[in-house]
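Heads up: the structure comes next, in structure tokens.
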Amino acid sequence: IATDRAPTQTPDKRADMGLRDSLRRHLPFRPAAPRGPADLVVEELIIGTGEAPRPGRPARVRFSGETIEGRLIDDGERDITIGEGRELPGVERGLEGMRVGGSRRLTLPPRLGWGARGDPGRVHPNTVLIYEITLLHVR
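Our numbering numbers the first residue of the sequence shown as 34 and each following residue consecutively.
Structure, rendered in structure tokens:
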């Protein structure tokens, strides 16, 4: 039997949603994707006029670091040598091009901070970090 009308199928969206909800309840828990930027965000707070740090030379910085939720994780003053790999990658990258007397706010995505491992007892895995850094002097 030939007909001019194409068969119509109306999917039952409620049945579809019920299946998805059922699957969600039975699938293993997956942690939420990290919030925040995909790459380092650098905000100039004060533009310095002094010397810029160079790889291999210690630079004295004053800093404050916190999680995106606002929990303080680190603060103080210390020497940082670019290229040694002893600091978080985002902090080292954030110092590049900075000059003595300058201040920056750095927003580090997890991969440039503590990453998926976190820092047990201080920083949860996949946490976005925010650092404010002032470059005091370069040796």
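Ideal placement from N, C-alpha and C gives every residue a C-beta, glycine not left out.
{"Query": "So which of Ile101, Ala71, Glu99, Pro88 has the shortest CA-CA distance to Asp112?", "Result": "Pro88"}
{"Query": "In chain order, which alpha helix (DSSP H) runs of at least 4 residues are fully inside the stretch 112 to 170?", "Result": "122 to 128"}
{"Query": "Within 10 angstroms of its Cβ, does Ala71 collect 16 or more other Cβ (buried), or is it exposed?", "Result": "exposed"}
{"Query": "So who's on the other strand from Thr100, going by DSSP bridges?", "Result": "Leu162"}
{"Query": "For Ile166 and Ser136, which I take to be in contact (beta-carbon distance under 8 Å), what is that distance rounded to the nearest angstrom?", "Result": "7 Å"}
{"Query": "Looking at Val124: is its Cβ nearer than 8 Å to the Cβ of Pro142?", "Result": "no"}
{"Query": "Is Leu106 helix, strand or coil by DSSP?", "Result": "The residue asked about is misnamed: residue 106 is Ile in this sequence, not Leu. Strand."}
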